[in-house]
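Asker: Handing you a structure now.
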């Protein structure tokens, strides 16, 4: 496994997975917030 290949795959991971993970995390945070509000309202 060469360093160049590893670096290339990391770059692709950054480009492809980071935005998806970001939006996924945002969805989770939103869900938790909504769920918390529901619990507060009883």
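In my numbering, the protein residues as written are 22 to 63. Here a beta-carbon is modelled for each residue, glycine too, at the ideal position from N, C-alpha and C.
At a threshold of 7 Å, does residue 36 count as lining the ligand HEM (C-beta to nearest heavy atom)?
Answerer: Questions concerning the ligand HEM fall outside what the structure shown contains, since it holds no ligand whatsoever.
Asker: In whole angstroms, give me the CA-to-CA distance for residue 25 and residue 43.
Answerer: Cα to Cα, residue 25 sits roughly 26 Å from residue 43.
Asker: Please classify residue 89: does DSSP put it in a helix, a strand, or coil?
Answerer: The structure shown has nothing for residue 89, since the chain only spans 22 to 63.
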